[in-house]
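Numbering-wise (our numbering), the sequence shown opens with residue -19 and increments by one. In what follows, a single structure is set out as structure tokens and then discussed.
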Amino acid sequence: MTRDHVKDAVSGIKQLLGKDEDVIREGLRDYLQSVLESEMTAVLGASKGERTGHRVGYRSGYYDRTLVTRVGPLELRVPQDRDGRFSTSVFERYQRSEKALVAALAEMYVEGVSTRKVKRITEELCGHSFSASTISTIVKRLDGQLAAFCERRLEEPFAYLILDARYERVRDHGVIASRAVLIALGVDWDGRRQVLAVDLANRESRSSWKDFLLALRARGLDGVEFVVSDDHAGLRQAITEVLPQAAWQRCYVHFLRNALDHMPRKRDDDCLQELRWLYDRRNLEEAR
């Protein structure tokens, strides 16, 4: 992957996941909390409750601190030690690293957690290096949190379901391959959006979309009355099979892109203006 391609890919992932900032905000909070705990462990020479001859102090509870970020305020619990030797530099260094950290977290939801990336960002946040075992602990904790997010029960009904996919180049068992990233957004009756699922598939097909939707239904997806997606034949068939009660509408953005494929490039602006005007009409008579 070239640097520009990575930048575009992460930007696209952030746009899709950014429709539900709670996803990124919660991941960011969990990550920073893990860093604070690991930093305290490094200072004391032992983790919480660990018995070791290398220990140089003991924990003494927490105090609360709010960190304001571009994805909203984060409520963090800062650990304290009995002798007052612990002092974190996470908050002072955070602003400098925030952009890279948010981008990395967005990427983690799709491609998994890169130990090298976590190590680099963690060291930049704290100003010193961490052991391989400490980084491994942070990564495992993130893995568990991401898995919990992807497998969580969907307790509330979602009237609207938005489905989309994009292709990204992913390292799988040491091999770089193009994989389809399947994404589902739910919209409840109050208009609130939530990322319901993000998953990888070898390609976009009826079977991959059907498995994706069946997994959503197994997690409790219910009440879907309207589905928006592109006009992919396999996807439409999967929707019909898994959500037969739901009405379907072709995605407006995909429709515009497909329409422009049949027009000379020099007519793009005129065509877009006409199509948008037609789309905004209230009925067929007005459009005529």
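Ideal Cβ positions, reconstructed from N, Cα and C, are used throughout, including at glycine. Keep in mind that this is a model prediction, so the values were computed, not measured.
For the beta strand (DSSP E) containing residue i, list its first residue and its last residue.
i	result
G124	Element bounds for G124: not the beta strand (DSSP E) but the alpha helix (DSSP H), 112 to 131.
F206	206 to 209
L194	Per DSSP, L194 belongs to no beta strand (DSSP E); it is in the alpha helix (DSSP H), 186 to 198.
F228	In the sequence as presented, Phe is not what sits at residue 228; that position holds Trp. That run of the beta strand (DSSP E) goes 227 to 230.
D282	What is shown of the chain runs -19 to 268, which leaves residue 282 out entirely.
G171	Where G171 is concerned, there is no enclosing beta strand (DSSP E), given that its DSSP letter is neither H nor E.
A145	140 to 152
Should residue i be listed as close to the ligand PLP, given that the test is whether its C-beta is under 8 Å from any heavy atom?
i	result
L162	The ligand PLP is not part of the structure shown, which contains no ligands of any sort.
I need the boundaries of the alpha helix (DSSP H) containing residue i, first residue and last residue.
i	result
Q217	213 to 222
Could you tell me which of the options sits nearest to residue i, measuring between CA atoms?
i	options	result
T46	L8, F66, Y232	L8
D168	G203, D10, L126	G203
A164	I101, A177, R268, Y11	A177
S188	R173, A218, S209	A218
Y140	C231, A22, H153, G64	C231
D63	Y38, S69, R73, S158	Y38
R121	P244, Y259, Q13	Q13
E136	D170, I142, F110	D170
I142	V51, I156, L162	L162
E148	R245, V119, D179, Y11	D179
Q225	E205, L215, Y74	E205
S185	A128, D144, I156	D144
G200	F138, L215, G154	F138
S69	L126, A195, L196, M20	M20
Measure the C-alpha to C-alpha separation of residue i and residue j and round it to an integer number of angstroms.
i	j	result
R133	S40	35 Å
Q60	G166	40 Å
A198	C251	43 Å
S116	N263	58 Å
Y42	D241	58 Å
L16	T114	12 Å
E131	G124	10 Å
G25	R172	45 Å
V222	V207	12 Å
E53	E266	Note that residue 53 is Pro in the sequence shown, not Glu. So the alpha carbons of these two residues sit roughly 46 Å apart.
A213	V175	23 Å
S27	S18	8 Å
R146	L56	34 Å
K99	D152	20 Å
A227	R5	32 Å
A160	N182	6 Å
Q253	D210	21 Å
W257	V233	14 Å
R237	D260	17 Å
R31	A128	30 Å
G29	Q229	56 Å
V51	Y11	14 Å
S158	P244	30 Å
D249	L255	10 Å
V278	K97	This structure cannot speak to residue 278, because the chain is shown only from -19 to 268.
L194	R268	41 Å
R(-17)	R35	Interpretation of R(-17) is limited by its pLDDT of 40, a score under 50 that renders its predicted location unreliable; the figure taken from the coordinates is listed afterwards. Distance between the alpha carbons of R(-17) and R35: 43 Å.
Closest Cβ-Cβ distance between residue i and chain B: below 9 Å?
i	result
D63	In the structure shown, chain B does not exist; there is a single protein chain.
If I'm right that residue i touches residue j with Cβ under 8 Å, what's the distance once you round it to whole angstroms?
i	j	result
T102	E78	Going by Cβ atoms, the distance from T102 to E78 rounds to 14 Å, so no, they are not a contact pair.
F71	V23	F71 to V23, Cβ: 16 Å. No contact.
V119	T95	5 Å
Where in the region 43 to 81 do unbroken runs of the alpha helix (DSSP H), each at least 4 residues long, occur, reported from the N-terminal end onward? If one requires a minimum length of 4 residues, no alpha helix (DSSP H) run lies completely within the region 43 to 81.
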